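S.K.:
In my numbering, the protein residues as written are 8 to 316.
#1: Leaving out five residues on either side along the sequence, give the residues of the same chain with a beta carbon under 6 Å from the beta carbon of residue 303.
#2: For residue 85, collect the residues of the same chain with a Cβ closer than 8 Å to its Cβ; drop the 5 residues on either side in sequence, then sort them by chain order.
#3: Count the other CB atoms, across all protein chains shown, that sit within 10 Å of the CB of residue 63; report buried if there are 16 or more and exposed otherwise.
#4: If we call anything under 8 Å between Cβ atoms a contact, is residue 127 one with residue 202?
#5: Specify whether the stretch 148 to 157 and the stretch 193 to 212 touch according to this definition: at least 3 beta carbon pairs, one from each stretch, less than 8 Å apart.
#6: Could you compute how far the alpha carbon of residue 183 sits from the alpha carbon of residue 43?
#7: Could you please give the first and the last residue of the uninterrupted beta strand (DSSP E) stretch that includes residue 78?
#8: What residues in its chain sit with their C-beta under 8 Å from that of residue 318, if we drop five residues either side in the sequence?
#9: Can you tell me which of the three DSSP states residue 310 falls into?
#10: With DSSP as the reference, label residue 305 as helix, strand or coil.
#11: Whose CA, out of 237, 283, 260, lies closest to the CA of residue 249?
#12: Give the single residue among 34, 103, 110, 122 whose Cα lies nearest to the Cα of residue 297.
#13: Cutting at 8 Å between CB atoms, please list the residues of its own chain near residue 65, excluding the five before and the five after it.
#14: Which residues in the same chain have their Cβ closer than 8 Å to the Cβ of residue 103, if we skip the five residues on either side of it in sequence?
#15: To which residues of the same chain is residue 87 closer than 7 Å at the C-beta, ignoring the five residues directly before and after it?
#16: Given this structure, state the Cα-to-Cα distance separating residue 134 from residue 158, to the nearest angstrom.
#17: Note down the Cα distance separating residue 254 from residue 277, rounded to an integer number of angstroms.
#18: So which of 162, 101, 39, 89 has the shortest CA-CA distance to residue 281?
#19: Please return the same chain residues whose Cβ sits closer than 7 Å to the Cβ of residue 216, not counting the five positions on each side in sequence.
#20: Whole angstroms are fine: how far does the CA of residue 116 sit from the CA of residue 6?
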C-alpha cells in the first residue's frame, strides 16, 4: 500500500478508487472509524521553541502516536473523527451504506465514502452515486461532502462541475440531534438535485455532434505541448494523445453512444480515471482519490470545451 494511505477498509470487493482492505459488510460510522484505524483523538497542545512559549498557536497532535497533524491558531476548534461523521448515521435509515473510510497524509485528512441507495439510468447506462465525507486536522478546511457519480460499466467517475447544481458543499457539525437529521436530509436533497441536473446535462451533451477533426482538436487542447518541450516530452504527449483518442474511437462500451460530446466526456473520464501517467508518483492513487472531493481538472476542462461549442 502506498505510504500516503495509512489505513482504510472497503466492502465486499475492490472499490472503483482502487484503495482499501476487504470487510464483510458495511458498518455504522463508529465501527467504520475503528475498522479504518481512525478511532483516535486530536489533542491540542502549546508550542515552544528554545524553551519559549509561542502565543496564539497550538499544535494538533494525534493521540495514538503523537504525530503532529498541523499548527493552528487558538481560535481553531477541533472536530474529532467520531463527531465529524456521527451525523452520517442518520443517512443509514435512508438506505445509504458506508463502503470505505481512511486516513491520508499521516492523519491530516480523514474520510468516509458511502454509496447512495438509488442507481440511476442515464442515456441507457447505469450510474451509481457515491458520497464522500471528509474532514481535516491540519487547519486546511472544514467537514466537506461531495457527490461522485460512477459509470458502472467501466468504473469511470463523472463528477462534472455543473453550473446548475453543486457537487460539493461544507457541513457544520453540531451536537444537536435535530440539526444532524436536518443536515442528513439536506445532504440527500442536494445529491438528488445534482443527479437530476446531471441527467439533463448528459442529454444536452448527447445532442452535440462532434466531427473526428473536432475530437482531435479537443484532445490537443487537453494534452498540449509545452513551449520548451524536449523530443522525449513530445513523444510522451503523443502517446497520451493516442491513448485518449483510442478511448474515444475504440472503447467497446462507447461504440453505440454516437459521435457526440457525451461520448467525448466519457472518454476523457476513462482516461483521467484509468490511464497510466508518464510518471507514477508514490501518492498517485491518493491524489486521484482526492479528486472525488475537489474535482478532476481534466474532466471539467473537457466538459467546458464541449459545453461551450
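Just so you know, even glycine gets a beta-carbon here, dropped at the ideal spot from N, CA and C. In this text, all values refer to a predicted model and were calculated from it rather than measured experimentally.
M.R.: Looking at the atomic coordinates:
#1: Along the chain shown, one-based indexing puts residue 303 at 296. Closer than 6 Å at the Cβ level, and outside the excluded window around residue 303, lie 279.
#2: As a working note, residue 85 is residue 78 in the chain shown. Answer for residue 85: 49, 51, 67, 144, listed in chain order.
#3: Mapped onto the chain shown, residue 63 falls at position 56. That one is exposed.
#4: Locating residue 127 in the chain shown gives position 120, counting from the first residue. Locating residue 202 in the chain shown gives position 195, counting from the first residue. For residue 127 and residue 202, yes; Cβs fall inside 8 Å.
#5: Yes, since at least three Cβ pairs between the stretch 148 to 157 and the stretch 193 to 212 fall closer than 8 Å, the two stretches touch.
#6: On the chain shown, position 176 is the one that residue 183 refers to. On the chain shown, position 36 is the one that residue 43 refers to. Cα to Cα, the separation comes out at about 26 Å.
#7: Here residue 78 refers to the residue found at position 71 when the chain shown is read from its first residue. Counting along the chain, residue 78 sits inside the beta strand (DSSP E) bounded by residues 75 to 80.
#8: The structure shown does not extend to residue 318, since the chain spans only 8 to 316, so no value can be given for it.
#9: The residue you call residue 310 lines up with position 303 of the chain shown. Here residue 310 sits in helix by DSSP.
#10: Translated into positions along the chain shown, residue 305 becomes position 298. If DSSP states are grouped into helix, strand and coil, residue 305 belongs with the helices.
#11: Residue numbering aside, residue 249 sits at position 242 when the chain shown is read from its first letter. If we check each option's Cα against that of residue 249, 283 comes out closest.
#12: To locate residue 297, count along the chain shown from 1; it is residue 290. Of 34, 103, 110, 122, the residue nearest in Cα terms is 110.
#13: Residue numbering aside, residue 65 sits at position 58 when the chain shown is read from its first letter. Cβ within range, chain order: 51, 52, 53, 54, 78, 79, 80, 81, 83.
#14: Within the chain shown, numbered from 1, the residue matching residue 103 stands at position 96. The residues are 95, 121, 122, 123, 124, 138, 195.
#15: Locating residue 87 in the chain shown gives position 80, where the first residue counts as 1. In chain order, 48, 49 place their CB closer than 7 Å to the CB of residue 87, counting only its own chain and leaving out the 5 sequence neighbours on each side.
#16: Here residue 134 refers to the residue found at position 127 of the chain shown. Here residue 158 refers to the residue found at position 151 of the chain shown. Rounded to the nearest angstrom, the two C-alpha atoms are 5 Å apart.
#17: As a first step, residue 254 must be located in the chain shown, where it is residue number 247. As a first step, residue 277 must be located in the chain shown, where it is residue number 270. Taking the straight line from one Cα to the other gives about 7 Å.
#18: Within the chain shown, the letter at position 274 stands for residue 281. Shortest Cα-Cα distance from residue 281 to any of 162, 101, 39, 89 involves 162.
#19: Position 209 of the chain shown holds residue 216. Correct list, in chain order: 266, 267.
#20: Missing from the structure shown is residue 6; the chain here goes from 8 to 316 and no further.
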